[in-house]
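A.B. asks: Its first residue numbered 1, the sequence shown is counted upward by one per residue in UniProt numbering.
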Amino acid sequence: MAYPEIHHVSAPLRAAARAGGDADAVNLWAGQAYALARERPAAALVAELANETRAALAAASRRAGA
Numbered sequence: 001m002a003y004p005e006i007h008h009v010s011a012p013l014r015a016a017a018r019a020g021g022d023a024d025a026v027n028l029w030a031g032q033a034y035a036l037a038r039e040r041p042a043a044a045l046v047a048e049l050a051n052e053t054r055a056a057l058a059a060a061s062r063r064a065g066a
């Protein structure tokens, strides 16, 4: 069975999993770069994003001559 048929057939299973908080039985979209993800605390991810944002803003500011 292919998409979209499997989507409709499995809808009740996914709904029950969501209601029960079972992430193992819910489709969690990851995209093509899922292999680049690594397990780490949320605080570490937020800190990294903040650092990368500061660096990107500083670089943009330099390019703009500010």
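Note that the Cβ used here is the ideal one computed from N, Cα and C, for glycine as well.
Do you know offhand how far Ala15's Cα is from Ala25's?
C.D. replies: As a working mapping, residue 15 is identified with position 15 in the sequence shown. As a working mapping, residue 25 is identified with position 25 in the sequence shown. Answer to the nearest angstrom: the Cα atoms are 9 Å apart.
A.B. asks: Is any beta-carbon of chain C found at less than 8 Å from that of Gly65?
C.D. replies: No chain C is part of this structure, which consists of one protein chain only.
A.B. asks: Determine the direct distance from the alpha carbon of Ala30 to that of Ala23, and round the result to whole angstroms.
C.D. replies: Here residue 23 corresponds to residue number 23 of the sequence shown, with the count starting at 1. Here residue 30 corresponds to residue number 30 of the sequence shown, with the count starting at 1. So the alpha carbons of these two residues sit roughly 13 Å apart.
A.B. asks: Could you check which residue in Ala47, Ile6, Ala43 has the C-alpha nearest to that of Asn27?
C.D. replies: For the purposes of this step, residue 27 is identified with residue 27 of the sequence shown, where counting begins at 1. The shortest Cα separation from Asn27 among Ala47, Ile6, Ala43 belongs to Ile6.
A.B. asks: Look at the alpha carbon of Pro41 and the alpha carbon of Leu49, and state the distance between them as a whole number of angstroms.
C.D. replies: One-based indexing of the sequence shown puts residue 41 at position 41. One-based indexing of the sequence shown puts residue 49 at position 49. Near 13 Å, if we compare the C-alpha coordinates of Leu49 and Pro41.
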